[in-house]
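A quick write-up on the structure given underneath.
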């Protein structure tokens, strides 16, 4: 075999100790230990300045100075003499971005609110699960007494908006409306925590219409200006909820000459693009479709004056936190923001800290506790009796909403109820938009008394007279329990929440109820048992 012209391999001297000797593998220095015969390096290697097991020695042994490791040393520099890191240790090639600003907005001296586990305080439970302890807000408590004797005229609405609200069945304001509407009409940012069915939609829907009416030129009222960018934006987690919000806000807006449209995924966007081109005042949509239309140039967000986030906690749970942050950074700086949420977890707190300026904070009193209009029960059922107990509960009469954990589970459970003589329909994300709308309309109109739904799909249900909520699959988090329970006991009506659990889940369920501050008796149950007779209507 011919020799290489460059000669043999010569190992770099700085990798070898001074007493290295030639070997058959490395003519110029010590042979390296094989894969199986090299010394094992344990956790104490290198602590005392040695490097046992490596055969290499330390940097000082190799005749080179050890690199500076002290935090007080000057940072290393590149070839141009520029420090690789700044004084805070941030790499120079990484551009730091301010996630939030404490500076003034539109010439004001107001700074941004810092939010922790208690609004206005740092969280003492960093690193712990969000659902460990119910959050506490430094908020104005909203009690039923707050709305006694108050009318919508007293809140600052004109005759047309009051008449539109009356046509929707809202003849007198709910407590959350009395608390939040004056702050919203004054232009303040609003943070409100209230369960589903507390009247949030009318609260922010009527307020955004009144705010945009005041700032719109009088000569443009009642007219569509082709290509006019929207000035109001309402973001919702699901298309069903977006449609429901539009059904509430549209008649209020039309009563004063404003126009709305909705944008959401799951359907072709051509019709939605056409609605935007005709010119609208308020856009109601889901985060994904809003971002898509903005990216394509169909939706101009630069003129947005008022932004509303409804069900903010659910949007975070669905993975829309980044999308909401991007949208809020695009809309006009200095605009008004309103955030409504049933719970205030870490993700929602991050939105509050970055985008709300000294918000008016309101919390419906007793939201996390045993609500006076809702009775809670937990039934311990053997797995073999689950379907029979569920059929007996669902057939007891009244309008019943059953929660299942998965889309497949909801479909199968509805089918088993139907096969067992209890007519039921399903509502979940795998259904087409047409079928989802049809099933939801059947349940809302009373043509179907039993609806089996997933948590996400149920957010689009706006039915005030649900008598019984059955959790066929127990929730994993306390906030999910509160969201589900909020589907009954609405608009002053009474309701019942029944949760079915197997015997081995009693301890976990007790912990969840404690976090939700719900007092619910836990009793064993079986099909045909007397403990189920009281649910018959």
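In the UniProt record's numbering, the protein residues as written are 1 to 537. Ideal Cβ placement from N, Cα and C applies to all residues, glycine included. Since we're looking at a predicted model, the values are computed, not measured.
With DSSP as the reference, label residue 427 as helix, strand or coil.
Numbered from its first residue, the chain shown carries residue 427 at position 427. In this structure, residue 427 counts as strand in the three-state DSSP scheme.
If you drop the 5 nearest sequence neighbours on each side, which residues of the same chain put their C-beta closer than 7 Å to that of residue 224?
Walking along the chain shown from the start, residue 224 turns up at place 224. Taken in chain order, the residues that qualify are 259, 278 and 279.
Let me know if residue 215 comes out buried or exposed under the rule of 16 or more other beta-carbons within 10 Å of its beta-carbon.
For the purposes of this step, residue 215 is taken as residue 215 along the chain shown, with counting starting at 1. Classification for residue 215: exposed.
Taking the straight line between their C-alpha atoms, what separation do you get for residue 323 and residue 288?
Residue mapping note: residue 323 aligns to position 323 of the chain shown, counting from 1. Residue mapping note: residue 288 aligns to position 288 of the chain shown, counting from 1. About 7 Å.
Of the choices 355, 163 and 327, whose alpha-carbon is the least far from that of residue 293?
Here residue 293 refers to the residue found at position 293 when the chain shown is read from its first residue. Residue 293 has its Cα closest to that of 327, out of 355, 163 and 327.
Going by the beta-carbon positions, is the gap between residue 308 and residue 204 smaller than 7 Å?
Within the chain shown, numbered from 1, the residue matching residue 308 stands at position 308. Within the chain shown, numbered from 1, the residue matching residue 204 stands at position 204. Yes; because the gap between Cβ atoms is below 7 Å, this pair is in contact.
Going by DSSP in three states, residue 270 sits in which element: helix, strand or coil?
On the chain shown, position 270 is the one that residue 270 refers to. Helix at residue 270.
Would you say the region 153–172 touches the region 250–267, given that touching needs at least three Cβ pairs under 8 Å?
yes
In whole angstroms, what is the alpha-carbon distance linking residue 346 and residue 421?
Taking the first residue of the chain shown as 1, we reach residue 346 at position 346. Taking the first residue of the chain shown as 1, we reach residue 421 at position 421. Rounded to the nearest angstrom, the two C-alpha atoms are 44 Å apart.
Contact between the region 376–384 and the region 487–503 is defined here as three or more beta-carbon pairs at a separation below 8 Å; is this criterion met?
Per the Cβ contact rule, the region 376–384 is in contact with the region 487–503 (3 or more Cβ pairs under 8 Å).
Measure the C-alpha to C-alpha separation of residue 321 and residue 348 and round it to an integer number of angstroms.
Taking the chain shown and counting its residues from 1, one reaches residue 321 at position 321. Taking the chain shown and counting its residues from 1, one reaches residue 348 at position 348. Distance between the alpha carbons of residue 321 and residue 348: 8 Å.
Taking its Cβ as the centre, do 16 or more other Cβ atoms sit within 10 Å of residue 60, making it buried, or is it exposed?
Position 60 of the chain shown, counted from the first residue, corresponds to residue 60. Confidence is the limiting factor: at residue 60 the pLDDT is only 44, short of 50, which leaves the residue's position unreliable, though a coordinate-based value still follows. Its Cβ having fewer than 16 others within 10 Å, residue 60 is exposed.
Can you check which of these residues, 272, 192 and 211, is closest to residue 157 by C-alpha distance?
Numbered from 1 along the chain shown, position 157 holds the residue referred to as residue 157. For the options 272, 192 and 211, the alpha carbon positioned closest to that of residue 157 is the one of 211.
How would you label residue 363, buried or exposed, when you count the other beta carbons within 10 angstroms and need 16 or more for buried?
In the chain shown, residue 363 corresponds to position 363, counting from 1. Buried is the call here.
Hey, quick one: how far does the beta strand (DSSP E) through residue 340 stretch, first residue to last?
Against the chain shown, residue 340 aligns to sequence position 340. Taken as a continuous stretch (DSSP letters only), the beta strand (DSSP E) holding residue 340 covers 336–341.
Counting pairs of beta carbons, one from the region 451–459 and one from the region 402–419, are three or more of them closer than 8 Å?
By the Cβ rule, the region 451–459 counts as touching the region 402–419, because three or more pairs are nearer than 8 Å.
For residue 511, count neighbouring Cβ atoms within 10 angstroms of its own Cβ and tell me buried if that reaches 16, exposed if not.
For the purposes of this step, residue 511 is taken as the residue at position 511 of the chain shown. Classification of residue 511: exposed, given that the 10 Å Cβ count is below 16.
Going by DSSP, what residue range makes up the alpha helix (DSSP H) through residue 325?
Your numbering for residue 325 matches position 325 in the chain shown. It spans 321–330 - the alpha helix (DSSP H) in which residue 325 sits, taken as one unbroken run.
When the Cα atoms are used, what is the spatial distance from residue 284 to residue 207?
The residue you call residue 284 lines up with position 284 of the chain shown. The residue you call residue 207 lines up with position 207 of the chain shown. Each residue's alpha carbon lies about 15 Å from the other.
If distances are taken between C-alpha atoms only, which option among 169, 147, 351 and 160 comes closest to residue 177?
Here the question's residue 177 lines up with position 177 in the chain shown. If we check each option's Cα against that of residue 177, 147 comes out closest.
Between the Cα of residue 430 and those of 438, 446, 419 and 411, spot the shortest distance and give me the residue it belongs to.
Residue numbering aside, residue 430 sits at position 430 when the chain shown is read from its first letter. If we check each option's Cα against that of residue 430, 411 comes out closest.
For residue 434 and residue 385, I'd like the C-alpha separation in whole angstroms.
Translated into the one-based positions of the chain shown, residue 434 becomes position 434. Translated into the one-based positions of the chain shown, residue 385 becomes position 385. Taking the straight line from one Cα to the other gives about 35 Å.
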